[in-house]
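Quick note on UniProt numbering: the sequence shown kicks off at 1 and runs consecutively. Worksheet: the structure to be examined is printed underneath.
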Amino acid sequence: VHREWFVIYCPVFTTPTHTVMDTRTATAELGWIAYPASGWEEVSGYDENLNTIRTYQVCNVFEPSQNNWLLTTFIDRRGAQRVYVEMRFTVRDCSSIPSVPGSCKETFNLYYYETDSVIATTKGTAFWMEAPYLKVDTIAADESFSQVDFGGRLMKVNTEVRSFGPLSHNGFYLAFQDYGACMSLLSVRVFHKKCPSVVQNFAIFPETMTGAESTSLVIARGTCIANSEEVDFPIKLYCNGDGEWMVPIGSCTCKAGFEPDNGNVCRGEYRKCCFVYYQSEAQMVIL
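Structure (structure tokens):
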């Protein structure tokens with residue numbers, strides 16, 4: 001019996017992410033570029049779980065006209081057209097600082113700078129100040145801490161995620177601009193998203209990287225599983241910007257002589273048989 005089977009898709013798969021940089025795994029100094037020298041400072045500290053981490057902090061709130069930049073090392077995009085930046089940080093509540101001037105801030109800016117290769121660290125401050133940075137966003141804290149929180153060792157950690165693209169060069173640098181906050185940058189993780197490999201509609205779809213925009217749909221062609229063949233249209237799925245499969249087109253179906261089993265397997269048909277006894281001789285009769 002030859003039957004056509006179609007499966008209605010529901011997005012129930014976990015979106016795989018690929019981390020390209022994570023400061024929480026650092027075992028030595030990060031060695032990022034900070035300018036001017038009186039701005040960001042690298043220190044060894046602890047996160048809210050008392051794990052040792054490398055952090056950067058700045059707190060020049062009593063000095064006006066702050067413009068402190070922190071630049072990461074070169075980050076290889078590894079084929080990603082769009083990347084995500086997860087930032088974990090703490091910010092001091094300006095109102096809790098006695099006699100602080102009105103220039104105190106509770107925000108900072110995130111930028112990136114695309115390039116095809118590592119730039120020598122010997123480049124002077126003037127070079128980095130004039131680099132063609134692209135602004136991603138102004139990052140604000142959902143929670144800030146006061147002196148009372150600090151004295152009680154209470155950490156109010158903020159986690160913010162931003163994305164940017166399309167990327168066309170081999171990699172990029174991230175830049176963090178402080179203009180008057182008292183804050184600690186606890187960790188930075190850079191990652192990109194993929195749609196997971198999946199078997200659907202009797203076809204295998206490979207792990208597929210998301211597109212350049214959050215609204216992008218990337219076409220992935222499917223390959224029919226063993227003992228199946230395409231029906232009508234070439235089978236394909238679309239990978240959306242969140243790493244989820246959607247909009248299935250076409251399908252594969254089990255070939256003649258094979259039956260679907262367990263949703264996405266085509267197994268050979270089998271016949272039931274029984275034994276009929278005639279006196280002392282057993283004969284197998286196929287039903």
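Beta carbons: idealized from backbone N, C-alpha and C, even for Gly. Note that the structure is predicted; figures quoted are calculated from it, not measured.
Exposed is the label assigned to I219, since fewer than 16 other Cβ atoms lie within 10 Å of its Cβ.
In this structure, T215 is the residue among F62, T208, I33 and T215 with its C-alpha nearest to the C-alpha of G165. In summary, S38 is exposed, with fewer than 16 beta-carbon neighbours lying within 10 Å of its beta-carbon over all protein chains present. H192 counts as buried, since no fewer than 16 other beta carbons sit within 10 angstroms of its beta carbon. Per DSSP, the unbroken alpha helix (DSSP H) holding A126 starts and ends at T125 to M129. The shortest C-alpha to C-alpha distance from R54 to any of F89, R267 and R78 is the one to F89. In the three-state reduction of the DSSP assignment, T121 falls in the coil class, being assigned neither a helical nor a strand state. The Cβ atoms of F172 and Y112 lie closer than 8 Å to each other.
DSSP lists L71 as the bridge partner or partners of I33. The C-alpha of Y179 is placed about 48 Å away from the C-alpha of R221. With fewer than 16 other CB atoms across the displayed protein chains lying within 10 angstroms of its CB, A140 is exposed. The three-state secondary structure of T27, taken from DSSP, is coil. By the Cβ test, the region 221-230 is in contact with the region 203-211, since at least three Cβ pairs between them sit closer than 8 Å. Per DSSP, reduced to three states, the secondary structure at S216 is coil, with no helix or strand assignment.
Under DSSP, V20 shares a beta bridge with no residue. Here the alpha carbon of W32 sits roughly 32 Å from the alpha carbon of T208. For I139, the uninterrupted beta strand (DSSP E) segment begins and ends at L134 to A140. Between T210 and G250, the CB-CB gap reaches or exceeds 8 Å. Rounded to whole angstroms, P98 and E63 show a C-alpha spacing of 14 Å.
Pairing A126 with S96, the inter-Cα distance amounts to about 35 Å. When only Cα atoms are considered, C104 and Y238 end up about 47 Å apart.
Going by DSSP, A203 is part of the beta strand (DSSP E) stretching over A203 to F205.
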